[in-house]
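K.L.:
After the structure tokens below, expect a handful of questions from me.
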Amino acid sequence: MGKKRKRAEKKGWTKNPHDLFFKTAMSDKRNARSFLENYLPQHISALVDMDTLEIEKDSFIGQDLQTYYSDLLYKVHIAGYEGYIYLLFEHKSYEEKWISLQILEYILKIWKLKVKQNEKLPIVIPMVFYHGRQKWETGLSLSDLLECKDERLRPFIPDFQYLFYDFSLSSNTQIQGIEKLQAMIYLFKYIYSPDLEIKLSMIFKLLRNLPDSEIDYIIAISMYLLYTTHIPPDTLSKIAQENISQKGGETIMTTAEQLIAQGEIRGEMKGRIEGEIKGEIKGEMKGRIEGKIEAIESILEFRFRARGLHLMKKIRKINNLDALQKIFSLAKTAPDIESFEKEVQHPTKKA
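All residue numbers for the sequence shown refer to my numbering, where the first residue is 3 and numbers rise by one.
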């Protein structure tokens, strides 16, 4: 069972490291409590009994949307009653206009579970943690999606608001909470910044007092950085040694060495993006095609995040290595995702 879980977790890091790092960090009860204490509006936080906080295992997101969303459900007493706080991690590269409708669907799923148990419906407070690049301009209420806003019809309109967090716009003085929570938020804030390597010293210092019993948290951060950046492992290790501890640096290096040995790290550091990945190693056409497709997927995810993966279903059906090579080159050189999508519509034709 342990091997299966490790394989599933490894696949998760490969497919969506942002999602897995978020779930790892926010499944930590101390992190979850600190986040709620510091970022719930004060008048709501006053109603929440944090001592009753429990992390539920249910996820309400369908498989078709797991590329773009991740969720966590916290059970907690609210105003003296059992209730829930639903935290949705939105990692599309652009804002989602219909997110209120999706949240409503998830709340209904939570309520339907209670209906099956013949219980009254609990309050569910929805929160959205946004990790996209575009500015969020969508309204924060379900009713914002309605065309007719005649006040006389308000009694017939189902409505709710969700709490929204975009830390890419927050100043450093606005980032609060326990140190390992701050480290997570800063990583999401700077992960695509050209200054990330400089910022890592400050981020790693936040982990200086982390006890040895929480070394898994440093491993999770190592995995996240190794899968999402092109910073060489020895550089990450050096920064960690200088700002966390000798053991912290060794942990990052050990993690990197294991991933390299398993052929898991993609990026310039091992030539995985520039090469055939599996293909040239195996020397088989099938392996070369699979390797090229994985290389394309890695570049698209690195450059354009979730939106870059929209055409992967079509690309995976291509078994012509020359066509895949053209797409591979486009993925590296296209100035934006729109240009890439336009050019890739007929991948087997000569330019």
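The beta carbon of each residue, even a glycine, is placed where N, CA and C say it ideally should be.
Between Lys344 and Leu311, what straight-line distance do the alpha-carbon atoms span, to the nearest angstrom?
P.N.:
Numbered from its first residue, the sequence shown carries residue 344 at position 342. Numbered from its first residue, the sequence shown carries residue 311 at position 309. Computed Cα separation, rounded: 14 Å.
K.L.:
If you count every other CB in all the chains shown that lies within 10 Å of the CB of Gly82, and 16 or more means buried, which is it?
P.N.:
Here residue 82 refers to the residue found at position 80 of the sequence shown. Under this definition Gly82 is an exposed residue.
K.L.:
Taking the Cβ atom as the reference point for each residue, do Glu181 and Asn211 lie within a distance shorter than 8 Å?
P.N.:
Numbered from its first residue, the sequence shown carries residue 181 at position 179. Numbered from its first residue, the sequence shown carries residue 211 at position 209. Contact flag set, yes.
K.L.:
Counting along the chain, where does the alpha helix (DSSP H) carrying Pro128 start and finish?
P.N.:
The residue you call residue 128 lines up with position 126 of the sequence shown. Pro128 -> not in any alpha helix (DSSP H); beta strand (DSSP E) instead, spanning 126-132.
K.L.:
Can we say the segment 99-117 touches the segment 75-90, given the rule of at least three CB pairs closer than 8 Å?
P.N.:
The segment 99-117 is in contact with the segment 75-90.
K.L.:
Using DSSP's beta-bridge definition, name the partner residues of Ser2.
P.N.:
Here the chain has residues from 3 to 353 only, and residue 2 is not among them.
K.L.:
Given a cut-off of 8 Å, decide if Leu74 and Lys25 are closer than it, judged by their beta-carbon atoms.
P.N.:
In the sequence shown, residue 25 corresponds to position 23, counting from 1. In the sequence shown, residue 74 corresponds to position 72, counting from 1. It is a contact, given that the beta carbons lie within the stated cut-off.
K.L.:
Taking just the CA atoms, how far does Phe169 sit from Gly250?
P.N.:
Counted from its first residue, the sequence shown places residue 250 at position 248. Counted from its first residue, the sequence shown places residue 169 at position 167. Distance between the alpha carbons of Gly250 and Phe169: 26 Å.
K.L.:
Which of the three DSSP states, helix, strand or coil, is assigned to Asp51?
P.N.:
Counted from its first residue, the sequence shown places residue 51 at position 49. If DSSP states are grouped into helix, strand and coil, Asp51 belongs with the strands.
K.L.:
Let me check understanding here. Comparing Cα to Cα, which of Ser102, Val50, Asp324 lies closest to Thr140?
P.N.:
What you label residue 140 is simply residue 138 of the sequence shown in a count that begins at 1. The shortest Cα separation from Thr140 among Ser102, Val50, Asp324 belongs to Ser102.
K.L.:
Assuming Asp161 and Ser145 make a contact with CB atoms under 8 Å, what is their CB distance in whole Å?
P.N.:
Position 159 of the sequence shown holds residue 161. Position 143 of the sequence shown holds residue 145. With a Cβ gap of about 4 Å, Asp161 and Ser145 count as contacting.
K.L.:
Determine the contact status of Thr230 and Ile193, defining contact as a CB-CB distance below 8 Å.
P.N.:
In the sequence shown, counting from the first residue as 1, residue 230 sits at position 228. In the sequence shown, counting from the first residue as 1, residue 193 sits at position 191. The answer is yes: Cβ separation under 8 Å.
K.L.:
Would Ile233 and Ala242 be called neighbours here (beta carbons separated by less than 8 Å)?
P.N.:
Here residue 233 corresponds to residue number 231 of the sequence shown, with the count starting at 1. Here residue 242 corresponds to residue number 240 of the sequence shown, with the count starting at 1. No; because the gap between Cβ atoms is not below 8 Å, this pair is not in contact.
K.L.:
Out of Asp338, Glu292, Ile221, Phe342, which has the shortest C-alpha to C-alpha gap to Ile19?
P.N.:
Taking the first residue of the sequence shown as 1, we reach residue 19 at position 17. Note on residue identity: the sequence assigns Pro, not Ile, to residue 19. Checking every option, the nearest Cα to that of Pro19 belongs to Ile221.
K.L.:
Cα-Cα, which of Tyr132, Trp15, Asp214 is closest to His93?
P.N.:
Indexing the sequence shown from 1 puts residue 93 at position 91. Ranking the options by Cα distance to His93, first place goes to Tyr132.
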